[in-house]
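**Q**
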Amino acid sequence: MVKSISFSYPPLESPKGTAFLSQNRQFQWTNTGNVIYPVIPAYAASLLQNKGFKIFWDDAIANKLTYQQWIAQLIKTKPDLVVIETKTPVIKRHWEIINQIKQKSLEIRNWDLVVVLMGDHVTALPQESIDNCKVDYVLVGGHYDFLLNELIELINSGHAPKNKIYKLQKPINLNILPIIDRKLTQWQLYAYNNTNYKYKPGSYIMSGRDCWWGRCTFCSWTTLFPGKNFHSFSVDHTIKEIENLVYNFGVKEVFDDSGTLPIGKWLNDLCNELIRRRLNKKVVLGCNMRFGALSQKEYSLMKQAGFRFILYGLESANQKTLDFVNKNEKTSYALDTLKMVKSVGLEPHVTVMIGYPHESLKQATKTLNLARYIFQNNLADSLQATIMIPYPGTPLYNYCQKNNLLLTKNWDDYDMRQSIIKSPIPPQKQQELVQNLFKGVITPKFIIKKIISIRSIADIQHLLNYAFKYIKKLKDFS
Ligand code: SF4
Numbered sequence: 001m002v003k004s005i006s007f008s009y010p011p012l013e014s015p016k017g018t019a020f021l022s023q024n025r026q027f028q029w030t031n032t033g034n035v036i037y038p039v040i041p042a043y044a045a046s047l048l049q050n051k052g053f054k055i056f057w058d059d060a061i062a063n064k065l066t067y068q069q070w071i072a073q074l075i076k077t078k079p080d081l082v083v084i085e086t087k088t089p090v091i092k093r094h095w096e097i098i099n100q101i102k103q104k105s106l107e108i109r110n111w112d113l114v115v116v117l118m119g120d121h122v123t124a125l126p127q128e129s130i131d132n133c134k135v136d137y138v139l140v141g142g143h144y145d146f147l148l149n150e151l152i153e154l155i156n157s158g159h160a161p162k163n164k165i166y167k168l169q170k171p172i173n174l175n176i177l178p179i180i181d182r183k184l185t186q187w188q189l190y191a192y193n194n195t196n197y198k199y200k201p202g203s204y205i206m207s208g209r210d211c212w213w214g215r216c217t218f219c220s221w222t223t224l225f226p227g228k229n230f231h232s233f234s235v236d237h238t239i240k241e242i243e244n245l246v247y248n249f250g251v252k253e254v255f256d257d258s259g260t261l262p263i264g265k266w267l268n269d270l271c272n273e274l275i276r277r278r279l280n281k282k283v284v285l286g287c288n289m290r291f292g293a294l295s296q297k298e299y300s301l302m303k304q305a306g307f308r309f310i311l312y313g314l315e316s317a318n319q320k321t322l323d324f325v326n327k328n329e330k331t332s333y334a335l336d337t338l339k340m341v342k343s344v345g346l347e348p349h350v351t352v353m354i355g356y357p358h359e360s361l362k363q364a365t366k367t368l369n370l371a372r373y374i375f376q377n378n379l380a381d382s383l384q385a386t387i388m389i390p391y392p393g394t395p396l397y398n399y400c401q402k403n404n405l406l407l408t409k410n411w412d413d414y415d416m417r418q419s420i421i422k423s424p425i426p427p428q429k430q431q432e433l434v435q436n437l438f439k440g441v442i443t444p445k446f447i448i449k450k451i452i453s454i455r456s457i458a459d460i461q462h463l464l465n466y467a468f469k470y471i472k473k474l475k476d477f478s
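Taken in order, the sequence shown gives residues 1 to 478; the numbers are from the numbering used here.
1. When the Cα atoms are used, what is the spatial distance from T123 to F218?
2. Between M289 and I310, is the Cβ-Cβ spacing less than 8 Å?
3. What do you get for R278, buried or exposed, if any count of 16 or more other CB atoms within 10 angstroms of its CB means buried?
4. Reducing DSSP to helix, strand and coil, say where G355 ends up.
5. Whole angstroms are fine: how far does the CA of I354 sit from the CA of M416?
6. Quick check for students: name the residue ranges of the alpha helix (DSSP H) that lie wholly in the segment 199–260, counting only runs of 4 or more.
7. What first and last residue would you give for the beta strand (DSSP E) that runs through F20?
8. In the DSSP output, what is W57 paired with across the bridge?
9. Please check the pair S524 and N175, which I expect to be a contact at CB under 8 Å, by giving their CB distance rounded to whole angstroms.
10. Leaving out the 5 sequence neighbours to the left and right, which residues in its chain are closer than 7 Å to Q49 when beta-carbon positions are compared?
11. Rounded to the nearest angstrom, what separates V114 and D459 at their Cα positions?
12. Terminal residues of the continuous beta strand (DSSP E) containing W29?
13. With 16 as the cutoff for other CB atoms within 10 Å, does A486 come out buried or exposed?
14. Suppose you measure from the CA of N63 to the CA of P427; what does that come to, to the nearest Å?
15. So, helix, strand or coil for N132, using DSSP?
16. Touching or not, the segment 155–175 and the segment 132–146, by the rule of three or more beta carbon pairs under 8 Å?
17. May I have the straight-line CA-CA distance separating F438 from V325, to the nearest angstrom?
18. Is T222 near the ligand SF4 - that is, is its Cβ less than 7 Å away from at least one heavy atom of it?
19. Hey, S203 and L245: beta-carbon distance below 8 Å or not?
20. Express the C-alpha separation of I108 and V254 in angstroms, rounding to a whole number.
21. Excluding five sequence neighbours on each side, which residues of the same chain lie with their C-beta closer than 7 Å to the C-beta of W213?
22. Which same chain residues end up closer than 6 Å to A44 when comparing Cβ atoms and leaving out the 5 residues on each side of it in sequence?
23. I'd like to confirm something about T260: is its beta-carbon nearer than 7 Å to some heavy atom of the ligand MG, or not?
24. So, does the CB of K170 fall closer than 8 Å to a CB anywhere in chain B?
25. Around the Cβ of Y397, are there at least 16 other Cβ atoms within 10 angstroms (buried) or fewer (exposed)?
26. Out of H349, L301, G306 and V341, point me to the one whose CA is closest to G313's CA.
27. Below 6 Å CB to CB, which residues in the same chain sit around D80 once its five sequence neighbours on both sides are set aside?
28. Consult DSSP for V138 and reduce its assignment to one of helix, strand or coil.
29. Measure the C-alpha to C-alpha separation of L267 and R209 and round it to an integer number of angstroms.
30. Determine the direct distance from the alpha carbon of N229 to that of H94, and round the result to whole angstroms.
31. For A334, which residues from the same chain have a beta carbon less than 6 Å from its beta carbon, with the 5 sequence-adjacent residues on both sides left out?
32. Using only the heavy atoms of the ligand SF4, determine whether one of them is closer than 7 Å to the beta carbon of G292.
33. Which of the three DSSP states, helix, strand or coil, is assigned to Q186?
34. When the Cα of I172 is compared with those of N194, F225, Y199 and K198, which residue comes out closest?
35. Looking at the ligand SF4, does it come within less than 7 Å of C211, judged from the CB to the closest heavy atom?
36. Just verifying my parser: in three-state terms, what is the DSSP assignment at P426?
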């Protein structure tokens with residue numbers, strides 16, 4: 001009988017840095033110290049607590065516990081069920097940890113531990129984990145809240161599925177979920193160390209699961225949430241989440257981490273409601289958006305409603321590549337959108353990737369040059385370049401496998417430190433390109449321009465924090 005549940009992120013120690021795992025579409029070992037609030041596990045914890053279960057929020061990574069401290073704590077609390085969110089580069093470590101904690105529970109009297117794994121990797125390859133460790137159940141799909149709720153109901157009614165792979169049985173309605181219990185889920189652990197916040201404390205929400213486009217062939221969360229099954233909370237539910245953060249916890253910046261924020265009437269209603277309730281005077285907002293998705297009028301309304309930070313995936317400056325990864329955007333959308341966004345005072349962040357299967361050095365350089373042009377001409381406030389990794393479950397992974405492009409199937413290597421596919425650009429050169437993203441950009445003229453643009457103490461702190469994290473990030477790719 002399951003009465004107590006631990007939402008666990010066991011410590012993952014590595015000389016490469018700290019595991020940047022929760023709420024992250026692309027896993028990295030990072031030296032930046034960034035942590036992200038795991039929104040869907042937080043919904044699951046809040047839902048199950050409301051149903052009478054005892055919940056342990058056990059993020060040992062964010063709490064900086066050693067493995068020994070974590071094990072000792074787990075033995076002390078003896079939860080009936082431990083659920084672990086995993087990703088490709090750490091799946092093998094999680095198998096080892098699961099075997100160790102299952103063994104411990106056998107050695108300790110009256111501790112009949114059930115272990116559940118969830119995440120994009122196990123959604124793509126559920127049987128692999130069953131074959132490689134003593135996990136009891138593997139959840140397939142990203143609605144961890146509904147999945148866990150259904151699974152535990154079955155376990156407790158004696159109808160636990162014989163097959164250890166568990167998929168959603170019933171249709172879902174996000175609006176029946178409670179407002180997240182931020183105290184239970186230790187929101188303050190994630191409130192400061194995150195470059196998406198200029199104003200702190202900050203926190204995350206997720207109005208949509210996950211992206212209404214949801215078809216880019218490299219995007220790891222399309223494995224969890226294919227775009228054709230996009231769901232969103234009502235505007236009313238989203239407003240309640242924001243009000244809870246503002247009025248009960250004093251949060252000053254909220255980042256909505258839907259893969260792409262819902263648009264159209266939903267966004268219009270959200271903005272008007274933020275203005276009507278004067279939330280725009282109390283909190284600033286951030287979100288992920290697609291180029292070409294919104295008009296000048298909509299960006300103006302977002303600015304008025306309190307939005308500050310908008311994150312875009314430019315991915316590549318080459319139309320052939322955008323078509324190849326099914327981005328469904330034209331390269332011209334980027335500059336047009338960024339001009340609109342900047343004209344109303346929003347602060348865009350742009351990400352690019354290199355290392356696509358057929359992209360030459362010339363094409364990758366074109367992407368990096370466009371990113372530099374954007375940054376230098378103040379069309380984006382921050383930039384990021386990464387090496388493209390095809391994760392299991394994505395159409396791009398299937399393509400690479402079919403065309404014999406994968407250099408390795410050692411999942412440990414899928415950590416964005418180096419390319420894992422055959423590409424016209426050697427892996428080391430790709431790392432060098434990423435490290436040199438800002439080469440030629442940080443000139444004295446540029447620095448003076450940035451200093452002139454400072455308007456407040458928050459601007460100075462944010463700029464310094466960003467520069468500090470950027471230097472740390474270089475270490476991630478070294
Ligand atoms: S637009 Fe972004 S979130 Fe949506 S599928 Fe593409 S990469 Fe993923």
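Built from N, CA and C at the ideal position, the CB exists for glycine as well.
For clarity, every value in this text was computed on a predicted model and none was experimentally measured.
**A** So, to answer that:
1. 15 Å
2. yes
3. exposed
4. coil
5. 11 Å
6. 235–243
7. T18 to F20
8. F7
9. Here the chain covers residues 1 to 478 and nothing more, so residue 524 does not appear.
10. I55, D181 and L184
11. 48 Å
12. Q28 to T30
13. Only positions 1 to 478 of the chain appear in this structure, which leaves residue 486 out of reach.
14. 34 Å
15. helix
16. yes
17. 25 Å
18. yes
19. yes
20. 43 Å
21. G227, T260, R290 and N328
22. Y144, D145 and L148
23. As for the ligand MG, it is missing from this structure, which binds only the ligand SF4.
24. The chain labelled as chain B is not found in the depicted structure, where only one protein chain is given.
25. buried
26. H349
27. V2, K3 and S4
28. strand
29. 15 Å
30. 29 Å
31. F291 and L314
32. no
33. coil
34. F225
35. yes
36. coil
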